[in-house]
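Just so you know, full-length UniProt numbering puts 326 at position 326 of the sequence shown, and the rest follows in order with no gaps. The C-beta atom is built at its ideal place from N, Cα and C for all residues, glycine as well.
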Amino acid sequence: MPKVSVHIVTYNAELFLDTLLISLAHQTFRDFSVLVVDNASSDGTRAQMRARWPTAALVHNRDNAGYARAHNQALHISTSDYALTLNADVILHERFLEELVRAMDEHAELGSVSGKLLRAWGDPRELNEKTFSHIIDSTGIVGDRKRFWRDRGAGEEDRGQYDAARDIIGPSGAAGLYRLRALQDVCVRREFFDESFGSYKEDVDCALRLQRAGWQSRFVPAARAYHYRRAGGGCMTTDVLRHIRRPSRIALYSYRNHLYTLIKNETLASCGRDLPGIVGWEIGKLAFLLCTKPIIVFRAWKDIITQGKALREKRREILNNEKVKSQTSAKRQESTGLPVEE
């Protein structure tokens, strides 16, 4: 049984997949298997897998199951100690797995770890010095007192400001290493990642459940990878325009799934004195969306009402499994290392 099971979810990923698999083939850590879950791709993804990578396992879904359900399929199959969840549009440095596995082996309290993700540009079939940027994609998920969860450092130039290992809430779903036993500990209704989310924010929800169950997460700066993203970010005006131009489907999932995460993982006790800031932040977001994408608000709240009973039942399971008792953000930071930034 390999120590690490590498899980890649694909949807029309023919352009990227070969580059990712080549980077896996060059890993210094060798004790791993590869499982690709394809979400009904209509391009040549499956043919490419069979022709170029016949030793990798392939699961073919007849419809687009989304990120969460596809990764859950892979996790239910896995019997390894650790599972690496990957987007297809990622390129790994050769020591990526080695560094992350070392951190997990040395610290039994860790349920997950994140490397340093930098942004990649251009055509993945034509790698050159311009492909690998110095712009940060993620150094792990962090949050503030408003419960604004985000990828730490995203859009910043990498000047070494995040070169120290530190506790985080959890890894980005694009490339995160999880302890399978930890995921089994927080599994709700046989779901490691909440399938009602579809895609977006399910990594945050999973990370918060792991924190509540007493599992920690750490950023490992020596583990580097590159993630293809569109250019953007860097100033408030750019961020506002980016949100306005964001496709409606992505805007809906991002807003709705953030509220799902709040409903499932926060209590009055855990919010404490942060509650006015949380409410103010959510009202501000609501006003912005009503002015720019009002249909998103109505569709999101329709889903929340429809899913209300299920969300409450999941919340009950999460709280029953809680090992780090509800407390204010400041106190939780002291006791569990949960990063809370002012």
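In this structure, the straight-line span from the alpha carbon of ILE263 to that of TRP215 is close to 21 Å.
Of ILE318, PRO171, VAL6, the smallest CA-CA separation from GLN184 is found for ILE318.
If you compare the alpha carbons of THR10, LEU35, PHE16, TYR11 with that of PRO2, the shortest gap goes to LEU35. Burial state of PRO124 is buried, judged by a 10 Å Cβ sphere holding 16 or more other Cβ atoms. With 16 or more other CB atoms across the displayed protein chains lying within 10 angstroms of its CB, SER172 is buried. DSSP, read as helix, strand or coil, puts ASP144 in strand. DSSP assignment within the UniProt domain "Glycosyltransferase 2-like" (5-109) yields the following whole alpha helix (DSSP H) runs of 4 residues or more, N-terminal first: 14-25, 45-52, 66-77, 96-106. Excluding residues up to 5 positions away in sequence, PHE193 lie with their Cβ nearer than 6 Å to the Cβ of CYS206 in the same chain. Its chain contains SER248, ALA251, LEU252, TYR255, LEU289 as the residues whose beta carbon lies nearer than 7 Å to that of ILE296, once the 5 sequence neighbours on both sides are disregarded; these appear in chain order. Assignment of ILE169 by DSSP, reduced to helix, strand and coil, places it in the coil class. Taking a 10 Å sphere around the C-beta of CYS291, we find fewer than 16 other C-beta atoms and assign the residue as exposed. For LYS201, the number of other beta carbons within 10 angstroms of its own is at least 16, and it is reported as buried. In the three-state reduction of the DSSP assignment, GLN216 falls in the strand class. For LEU177, the uninterrupted beta strand (DSSP E) segment begins and ends at 175-179. In the same chain as ALA74, and ignoring 5 residues on each side of it, the C-beta atoms closer than 6 Å to its own belong to HIS7, LEU35, VAL37, in chain order.
LYS130 is classed as exposed because its beta carbon has fewer than 16 other beta carbons within 10 Å across all chains shown. DSSP places PHE193 in the coil class of the three-state scheme, outside both helix and strand. Distance check between ALA213 and each of LYS309, GLU109, HIS76 places GLU109 closest, using alpha-carbon atoms only.
In the three-state reduction of the DSSP assignment, TYR228 falls in the strand class, which pools E and B. Bridge partners of SER199 according to DSSP: none are assigned. A distance below 6 Å between beta-carbons, with the five flanking residues on each side excluded, links GLU322 to the following residues of its chain, in chain order: ARG212. Closest in alpha carbon position to PHE197, among ARG273, ASN128, LYS314, is LYS314.
With respect to GLY115, ALA40 sits apart: the two C-beta atoms are not nearer than 8 Å. At a Cβ-Cβ threshold of 8 Å, ALA25 and THR45 do not count as neighbours. In the three-state reduction of the DSSP assignment, GLU157 falls in the strand class. Listed as beta-bridge partners of ARG119 by DSSP are HIS227. Each of ARG69, LEU20, VAL4 was checked against the Cα of ARG190, and the nearest Cα belongs to ARG69.
Between the C-alpha atoms of VAL9 and TYR67 there is a straight-line separation of about 7 Å. For the set PRO294, LEU118, SER33, the Cα lying nearest the Cα of THR85 is the one of SER33.
In the three-state reduction of the DSSP assignment, ALA222 falls in the strand class, which pools E and B.
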